[in-house]
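Written out below as structure tokens is the structure these notes cover.
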Amino acid sequence: MIEARNVIKRYGSVKALDGFEMSVEKNTVHAIIGPNSSGKTTAIRILSTAIRPDSGEVSIDGISISNVREIRAMISVVPELQAIPDNKPPRKLLEGAGKAAGLSREEVKYRIDVLAELMGIQQYLDKKVVEASRGIKRRVALSIALINDASVILMDGSLAELDPGFSAYFLNFLKESRDKTVVLTTNNISLIEKACDSVTIIKEGATLMNESMSSIRGNIGRPGVMLRVSPINIPKVESVLKNQIYANRIQVGEDYLLIEVDDYLHIPAIIRQASAFADVYEARQTLISLEDIYNAFIEPST
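This is the structure in structure tokens:
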């Protein structure tokens, strides 16, 4: 449904995206996660056709994003809070968005009623936005994005300041509709585990992992050991452990190796093997989680 291949985007001498790659299945919820300034917002802006990549290929439903008119008819971008006028009530904002989408007055009225109930904003519909909290304003922004019933919803930090329970409920509602593809940026690992179908981890504009949550869940909860060694020794230790019969899947970070094992009893053998070829600064027994996988990729060397 959504494909990005070897995307590069520069701002002057800075590469906001540097070989970014992503694959998103149709009618799923996909998260882009990474540290600040990793390129998450740039990726969303390219998908929304707000900016163009310097090189690489990006398509939605087989259509290149260079076909701006076709792509914009398929997508909806959740507006940033500062783009929402404080002096208007949500009903007027939704009516304006519906009219801009070419909907009839009757259809707009129906969709406003449905969205107000879904978002829990009925009591705020006719009050000025300035009278509502930032959380309610976020819900209004989500409603504006959904009014035109687009098939692709793009959210850049759009769930910030919302109750985690509501965020999971909202994303699961979109999944159950079976006609929405959602791409969002967030670093809320718990929300990703509860509501997302796949995830892309990026750092410094490059994709480190693009994988389905079903595949990731196959490793989550299994025993493992996190080894911290000098970055210069990572390739050697990884090569050695790949030949260790007790080591299963190995995730490699900047100064981490996260090794999955069948049983905790095998961890001392893994540590001894790694220590024979490098100084092990830290060895931590763990049940592998998405956060462990993320940290193995993202945490800087110390």
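Going by full-length UniProt numbering, the sequence shown opens with residue 1, and the numbers climb by one from there.
Where is the CB? At the ideal position from N, CA and C, for every residue including glycine.
Grouping DSSP H, G and I as helix and E and B as strand, with all else coil, what is A269? Locating residue 269 in the sequence shown gives position 269, where the first residue counts as 1. If DSSP states are grouped into helix, strand and coil, A269 belongs with the helices.
Beta-carbon proximity of A16 to T42, cut-off 8 Å: In the sequence shown, counting from the first residue as 1, residue 16 sits at position 16. In the sequence shown, counting from the first residue as 1, residue 42 sits at position 42. Result yes, Cβ atoms of A16 and T42 sit closer than 8 Å.
Within the continuous alpha helix (DSSP H) that includes N172, where are the two ends? Residue mapping note: residue 172 aligns to position 172 of the sequence shown, counting from 1. First-last of the alpha helix (DSSP H) with N172: P164 to S177.
Under the three-state DSSP convention, the category T41 falls into: As a position in the sequence shown, residue 41 is number 41, starting the count at 1. Three-state result, T41: helix.
In the DSSP output, what is I75 paired with across the bridge? Looking up residue 75 in the sequence shown gives position 75. Paired residues: V152.
Since A141 is in the alpha helix (DSSP H), which residue starts that stretch and which ends it? Residue 141 sits at position 141 when you count from the first residue of the sequence shown. R134 to L146 is the span of the alpha helix (DSSP H), which, as asked, contains A141.
Once DSSP output is grouped into helix, strand and coil, what is the label at Q244? Counting from one through the sequence shown, the residue named residue 244 turns up at place 244. Reduced to three states, the DSSP call for Q244 is coil.
Do V240 and A283 have their CB atoms nearer than 8 Å? The count along the sequence shown starts at 1 and reaches residue 240 at position 240. The count along the sequence shown starts at 1 and reaches residue 283 at position 283. Not in contact: V240 and A283 (Cβ atoms no closer than 8 Å).
Taking Y246 as the reference, which of S230, A274 and V229 has the closest Cα? Locating residue 246 in the sequence shown gives position 246, counting from the first residue. For Y246, the nearest C-alpha among the options comes from A274.
Taking C-beta to C-beta, are I33 and I250 nearer than 8 Å? Residue 33 sits at position 33 when you count from the first residue of the sequence shown. Residue 250 sits at position 250 when you count from the first residue of the sequence shown. Contact: no.
DSSP three-state call for E204: helix, strand or coil? Translated into the one-based positions of the sequence shown, residue 204 becomes position 204. In the structure shown, E204 sits in coil (DSSP, three-state: anything other than H, G, I, E or B).
Which one of L287, V229, V182 and S55 has the shortest CA to CA distance from M1? Translated into positions along the sequence shown, residue 1 becomes position 1. Considering only alpha carbons, the answer is V182.
With a cut-off of 8 Å, do at least 3 Cβ pairs link the region 117 to 131 to the region 60 to 72? no
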